[in-house]
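> Protein chains in written order, with our numbering: chain A, -3 to 218; chain B, 30 to 277; chain C, -5 to 661. Beta carbons are placed, not taken as given, at the ideal position from N, Cα and C, and that holds for glycine.
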Amino acid sequence: MSGLIKSSIARKVVMALSGLFLVFFLGQHFVINITSVIAPDTFNSWSHFMGYNPLVQYVLQPILIAGVVVHFVMGIALELKNTRARAVKYVKYSGGSNAPWISRNMIITGLVVLAFLGLHLYDFWVHEMVYKYIEGHPEDATRYHAETVEKFVPVWRTVLYVIAFVLLALHLLHGFASSFQTMGINNKYSSGIKTFTKIYAVAIPLGFVLIAIYHHLNPITH
Amino acid sequence: MKLNLKIWRQKDAKSKGQMVDYPIKGVEGDMSFLEMLDVLNEELINKGEEPVEFDHDCREGICGTCSLQINGEPHGPDRLVTTCQLHMRKFKDGDTIVIEPFRASAFPVIKDLIVDRSAFDRIQQAGGYISVNTSGNTVDANAIPIDKHAADEAMDAATCIGCGACVAACKNASAMLFTSAKVSQFALLPQGQVEAVDRVQNMVRQMDLEGFGNCTNTGACEVECPKGISLENIARMNREYLSASLKG
Amino acid sequence: MGILDSKIPAGPLEDKWTKHKNTIDLVNPANKRNIDIIVVGTGLAGGSAAATLAELGYNVKTFCYQDSPRRAHSIAAQGGINAAKNYQGDGDSNYRLFYDTVKGGDYRAREANVYRLAEVSGNIIDQCVAQGVPFAREYGGLLDNRSFGGVLVSRTFYAKGQTGQQLLLGAYAAMNRQINRGKIQAYNRHEMMDLVKVDGKARGIIARDLVTGEIERHSAHAVVLATGGYGNVFFLSTNAMGSNVMAAWRAHRRGAHFANPCYTQIHPTCIPVSGDHQSKLTLMSESLRNDGRIWVPKRLEDAEAIRNGNLKPTQLKEEDRDYYLERRYPAFGNLVPRDVASRAAKERCDAGFGVNKTGEAVYLDFAAAIVRYGKEKALISGMKDADSQTIRNLGEEVIEAKYGNLFQMYEKIVDENPYKTPMMIYPAVHYTMGGLWVDYNLQTTIEGCYAAGEANFSDHGANRLGASALMQGLADGYFVLPYTIGDYLSQDIRTGTISTDSAEFDAVEKEVRERIEKLMSANGTHSVDYYHKKLGKIMWNKCGMSRNAKELQEAIDEISELRADFWANVKIPGKPDGMNQELEKAGRVADFLELGELFAKDALTRNESCGGHFREEYQTPDGEALRDDENFKFVSAWEYKGEPKDAVLHKEDLVYENIELKTRSYK
C-alpha cells in the first residue's frame, strides 16, 4: 500500500479525482450563484441553507476543504518531481510545437486560481465565519444577496474575479478531460468527454464572469 | 546551403558542457541530418579537432539509437521520423539549428550529444516480458486464436523503438508513453494476461525509481514519437495499474 | 584437412537431429550453475542463445557495442520469417523448406544443417507467439502468411514491415527476464577486442568499455560469437553503421577458419544512392515484390529522357516498358531469388537503361497492383461500376495497409510519393552468407568457440532466401546451440572458474593495448571514413555483383596497399581512455581491410558462378550463372597464416544424398 501512495500513477489519480470533485462543486456553486441574478430570494434561501445546515457545514464543507488542499498539495508535489526530472534544462525548448500552452502551464493557471481562492475565501468564507462565530450575529436569511452584490462594487475586485475565471477556464480546459485519461478512460466516449470539457470549461467560468459584471453594473442603491 | 549549427559539447559525464557554434557549408537537401553531421565531423577531424559524438546505428529509423533535440524538438521538426531519417530539405539556407542531447535526469549525458538511456532497459527488466522458457514444446502457434483487432493494436504498441523521444519532448521528462507501450502490448494479448498484475506494478515502480517525471497528459510525447505510439496506451496502463492495485 | 570434421551425425536426414540430441552429453542442472558462457552480440542469434542458456542454468555474460541489446541490427529486418507450418495448406513441409533453401543457396549449403533448420522452424513460431510477438493475423484470429522470393508456397510469418524488430524484442524480453533473475550480466556499450585461448580452448575475451575506454578481461568456459555479418566491408550497405567483423576476425586470427567470405547477398530492392555524402543504404522489403512490378524503359532514348527529367515514368506507355524479370523468368517473374533479381537490374543499368541521375536505378511499380486491389475492393464494397479515380483510391488504401510504413519511409528519404510515381530501386549489399566455419554443433575450429546466426556460414550456401535470416538466427539461438554446447561443456563440470589472471590473458590484453596504441599514434592525415570509403569502392567495383579474375587480383593488390597506408596515415583525434567513436571505427575498419583481401582471394579461387558469387568468365550464353559442381562443390574454409594473401584453403566437400544437384532455373 505504501508503494501505491508513492506511485506516480496513484498520485495522478488522486489529482484527477480531487479535480473532478472540484469541477462538480463548481457547477453546484454556479447554480446557486446564478439565482443571485435571476431570483434574489431563492439565492438568499439557498445560501442560508448552505450556511446553517449541519450536514453542509460539518460534513460537506470539510470534505470540500480537504479536496482543495489535496488537489493543491498533490499538484505541488507532482510539479516538484517533474522539475527534478529534468535538472538540466534545454537551451531551446519548443514546447509549443507539440503541446498546447494550457496543458503545459497547469501550475500557473492553478496557482492563479489558488491565489484567487484566497481572496474569495477572505471575502465570503472568512466573513461568514466572523459573522457567525466570532461576532455571533443571529441568523438572518435575507442578508446574502445584498452582501454579495456589495462585494462587486469596487472595479478592482470585479476585474480580479474576471481574470481569475479566465484562468480557471484555461485550467479546466485541460484538466477536466485530462482527468479521464489519467483514470484510464480513453475510448469511444473520449471525444464526447472532450467536447463536454470545452463547453463546461468555457460556459461555467463565463457564467461566473457575467454574474460578477452584472452585479458590478447593477449595485443596490439604498 | 549554408547553416549555422549550435551544438552542445561536453567532454564527459562529469565535465560542464556548453553550446559551440559551427558554421557549415555545402549541405544538400538529400542529406540526412546525420550525414550533415558526418560532413561536419570530417571537417573537424581534418582540422585536428575532436568530432561531435552522437548516437546512431541503423540509420533507417528502427534501432532507436539516434536521438538529438533539434531546435527544441526530439528528432527535429518533421513528424513520424527519427533523426536519421530527417532530411536537410526540411531546413532553409541560412538557418540556425540548435542541437542538444535529450535532457532528463534519468538520461545523464555521457559525452557531447550521447546520453545514457539504460533506465529504459531497467524498466523492461522489471517485467517487460512473458515468462516462458524455450522448450520447443510450447503449444502450437495457432492454438489460441487472437482477435485481429487486438493483435493489430498490440503490434501498434510494440513498434516502440525505445529512442526516448517521449521523455525528451515531455515537459516533465515522463516515461509513461514508453512504459505503457510495453504494458499495452502484453495487456492486449492472451499470453500476457497471466502476469499482468505484477508486470504493470513492477514496471511502474521501476519507472518511478529511475526519476522520470509524472504524466500530465500534455500529449507532446504522442506528437513527437517517431512511431506514432498513441496516448491510448497510457490510459490503458493507468487502467491496468489501478485494477492491479485493487486486486492486490 | 583433417580438422574440417563437420561432425554430421550418421543416419537418415530426417532422424539426424533427433538422434544427435539423444546421444550427445548433457550437463546436469546443478553443474550448469558452475559454468560460465560469454555471448558476444545480442541480435536474434545472440539474444536468443543468451536467454535460453540462462534459462537452462548457465551463467551468461552478454556483450554488445550498442547501448542496449534491443538495438542489434536484426531489428531492421522487415519482411518476415519462414517456417514450414503449412498453415495455408499449400503443400509446404519440412522437406520443401529444406529443398527450397538448398536450391536457393545454389547447392552450396550443408544438407544436414539446412534440414535441421527446417525441422525447428515451426518451433520458432510457437515460441515467439508464446512470448507475445504480435504476428499479423487473419480475421479468424489465426496467423497470416505472405510469399517471398524463390519459393512457390506462402510460409512467411510477419509483423507488418517490422518482423525483425518484433522478433528481436521477443528475444530481448527473454533476456530481460534472465537479467532480472541475475542469470545474465549484460555488458552494453562494450566491444570484444580479442579472443583468449587457454590450452587451445576459447576461455574468454578482452573487451573495451566504450564509455570509459577501459580494457577488461572476461573469462568463461565457452565463447559464443553471434556478431552478425560483414557487409560493411563495402562501406555502403544496408547494415547498421556499427556492424563489423571484429569479433569474428579476431577469432579467425586466433585459429577459427573463415568460410566462403566471397558469398555476399546483394539485395535487389534498396533505395538508390543519392550522392557522395551517402552513409548507408536503406532496404525496401522484398515483400514489395509480391505486388510491385520491376521495369525499365524499352528504348535507350526514353531512359535518357527520364534521366534528364524530360520524361516522367508515368507517361511511358505500357508497350514501351520492359518488365525484364517477367520477360526473362516467366515462372517466378518478379519473385525470383535475390541474386537473380539483382544481377538482372545491374545488367539493364549497365546496358544504359537506368532511370535516375546516376543511371543506377530501376522502377518498382505499384500502379497495376493498385488498380487490381482497387477493383477487388470496389466489388466487395458493392460498387459495380466505380470510376477509375475511386478504384485508384481504394487500391491505394489496400497498398497502404500492406506496406504503409515502407512507402512512408521511401517518401521521407526520396521526397517522391510512391503511390503516384513508381519507386526507384537498386541493389545493395545486404547480407553475408560467408562467415566463421562451424561444424554441425556450431563450433568453430577453435574448441569452445561457437558461432551463431549470420556470423557463421552454415545454412544459406551461396545465396540466402528472403525471410530465412531471422529463421536461422533464432533456430541457432533458441533450439540448436543451447543443446550442442552442452556436449562440449560436459567436460568442464570440474574445471571451476577460469581465472583471468593468467599469462594467456596477459598476453592478449597486451596485444590489444598495443594495437590501440598503434592506431592512436599514427596521427596521419586521413580520417577513418576516408579509408573505409576507399575500401568500399574497391569492393563494390571489383568484388560486387559480378567479378572477374583480373579485377579480383587488382582488388587484392589495392586493398593490401590501402591497408598499409591506413596503418601509416590514419588520423584519430582524442584519447583512447574515454569515449572515442573514431577509435571504435578505426579498429573495425582495420579488420575490414584484412577481411576484404581474403574476400577477393576467395572469389578469385572460386572459378565458377554460384548464387551471389557471379564470375563473368563462368556464365551461360544467356547470362545465367554457370556452376561447376565437379570442381567446386565444397566449402572454402580459410586458415589464418598472417597476411590474408597467405591464408591456407581447406575444403569441406558437400555431400548431397537427399537432393539431386540441378542447374537452378527460375524460368
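Check whether the segment 252 to 264 of chain C and the segment 589 to 599 of chain C touch, using three or more Cβ-Cβ pairs below 8 Å as the test.
yes
> By the criterion of Cβ-Cβ separation under 9 Å, what are the contact partners of A:His1 in chain B?
The question names His, but residue 1 of chain A is Ile in the sequence shown. The contacting residues do not exist; A:Ile1 stays about 10 Å from chain B at best.
> Closest Cβ-Cβ distance between C:Met(-5) and chain B: below 8 Å?
Its pLDDT being 43, under 50, C:Met(-5) is placed unreliably in this model, and the coordinates cannot settle the point.
> Could you check what DSSP says for C:Glu611 in three-state terms: helix, strand or coil?
coil
> Find the nearest neighbour of C:Ala220 within the set C:Gly636, C:Glu552, C:Glu498, C:Leu430, judged by alpha-carbon distance.
C:Leu430
> Pop quiz: B:Phe241 and A:Ala81 are said to be a contact at Cβ under 8 Å. What is the actual Cβ separation, rounded to whole angstroms?
6 Å
> Going by beta carbon distance, what residues of the same chain come within less than 8 Å of B:Gly105, once the five residues before and after it are set aside?
So the list reads Phe62, Leu97, Ile99, Thr112, Leu115, Lys119, once near-sequence residues are dropped.
> Using a Cβ-Cβ cut-off of less than 8 Å, give me the residues of the segment 230 to 242 of chain B that come near chain A, in sequence order.
Gln230, Val233, Arg234, Met236, Asp237, Gly240, Phe241, Gly242
> Can you tell me whether C:Ile178 sits near the ligand PLP, meaning its C-beta is under 7 Å from at least one heavy atom of the ligand?
What this structure holds is no ligand at all, so the ligand PLP is not there to describe.
> The alpha helix (DSSP H) spanning A:Thr219 covers which residue range?
No answer is possible for residue 219 of chain A: the residues shown for chain A start at -3 and end at 218.
> Can you give the Cα-Cα distance for B:Ala172 and C:Ala167, rounded to whole angstroms?
22 Å
> What's the gap between the Cα of C:Glu441 and the Cα of C:Leu483?
Roughly 11 Å between the two C-alpha positions.
> Could you tell me how far apart the beta carbons of C:Glu271 and B:Glu57 are, in whole angstroms, since I believe they sit closer than 8 Å?
Here residue 271 of chain C turns out to be His, not Glu, going by the sequence shown. Contact holds; Cβ gap of about 7 Å.
> What does B:Cys96 reach in chain C if we use C-beta pairs closer than 9 Å?
A small fix is needed here, since residue 96 of chain B is Ser in this sequence, not Cys. Simply none; closest approach about 10 Å.
> Examine chain C for any beta-carbon lying closer than 8 Å to the beta-carbon of B:Lys177, and answer yes or no.
yes
> Assess contact between the segment 138 to 149 of chain A and the segment 202 to 211 of chain A, defined as three or more Cβ pairs (one per stretch) separated by less than 8 Å. Is contact present?
With the cut-off at 8 Å, the segment 138 to 149 of chain A and the segment 202 to 211 of chain A touch.
> Against chain A, with Cβ distances strictly below 8 Å, would B:Cys87 count as a contact?
no
> Near C:Thr352, what residues of its chain come up, given a Cβ to Cβ distance below 8 Å and the 5 sequence neighbours on each side ignored?
If we look at C:Thr352 and ignore the five residues flanking it on each side, its Cβ neighbours are Pro266, Val267.
> For B:Asn166, decide whether its Cβ has a neighbour in chain A, counting only Cβ atoms nearer than 8 Å.
Any Cβ of chain A closer than 8 Å to the Cβ of B:Asn166 would place that residue at the interface, and such an atom is absent.
> Which class does A:Gly63 belong to by DSSP, given the choice of helix, strand or coil?
helix
> C:Asp188 and C:Glu505 look like a contact to me (Cβ under 8 Å); what is the Cβ gap, rounded to whole Å?
7 Å
> Could you list which residues in chain B have their beta carbon closer than 8 Å to that of A:Gln177, in chain order?
Asn246, Leu260, Ile263, Ala264, Asn267
> Do the segment 464 to 480 of chain C and the segment 37 to 51 of chain C meet, that is, are 3 or more Cβ pairs less than 8 Å apart?
yes
> Can you tell me whether B:Lys256 is helix, strand or coil according to DSSP?
Three-state DSSP puts B:Lys256 in coil, outside helix and strand.
> Only counting the same chain, and skipping five residues up and downstream in sequence, which positions put a Cβ closer than 6 Å to that of C:Lys177?
Ala48
> With the cut-off set at 8 Å, would you say C:Ser115 and C:Tyr434 are in Cβ contact?
For C:Ser115 and C:Tyr434, no; Cβs fall outside 8 Å.
> For C:Gln160, go through chain B and note every residue whose CB falls closer than 8 Å to its CB, in chain order.
The answer, in chain order, is Met184, Ala187.
> What is the C-beta distance between C:Ile31 and C:His215, in whole angstroms, given that I count them as a contact (C-beta under 8 Å)?
Taking 8 Å as the upper bound for CB-CB distance, C:Ile31 and C:His215 are in contact here, some 7 Å apart.
> Excluding five sequence neighbours on each side, which residues of the same chain lie with their C-beta closer than 7 Å to the C-beta of C:Gly85?
Val147
> Cα separation between A:Ile189 and A:Ala173?
6 Å
> Have a look at C:Asp616, C:Tyr524, C:Gln485, C:Gly249 and flag the residue whose alpha-carbon is nearest the alpha-carbon of C:Phe22.
Residue 22 of chain C is actually Asn in this sequence, not Phe. Closest by alpha carbon: C:Gln485.
> Can you pull the chain A neighbours of B:Leu271, defined as C-beta to C-beta under 9 Å?
Ile5, Ala6, Val9, Met179, Gly180
> How far does the alpha helix (DSSP H) with C:Arg557 in it reach, from first residue to last?
543 to 563
> Give, in chain order, every unbroken run of the alpha helix (DSSP H) that is at least 4 residues long and sits entirely within the segment 119 to 202 of chain B.
147 to 154, 177 to 187, 194 to 198
> Just checking, does the segment 221 to 234 of chain B make contact with the segment 156 to 163 of chain A on the three C-beta pairs under 8 Å criterion?
These segments do not touch.
> So A:Ala164 is in the beta strand (DSSP E); what residue range does that whole segment cover?
In the sequence as presented, Ala is not what sits at residue 164 of chain A; that position holds Leu. First-last for A:Leu164: 151 to 178, but that is the alpha helix (DSSP H), not the beta strand (DSSP E).
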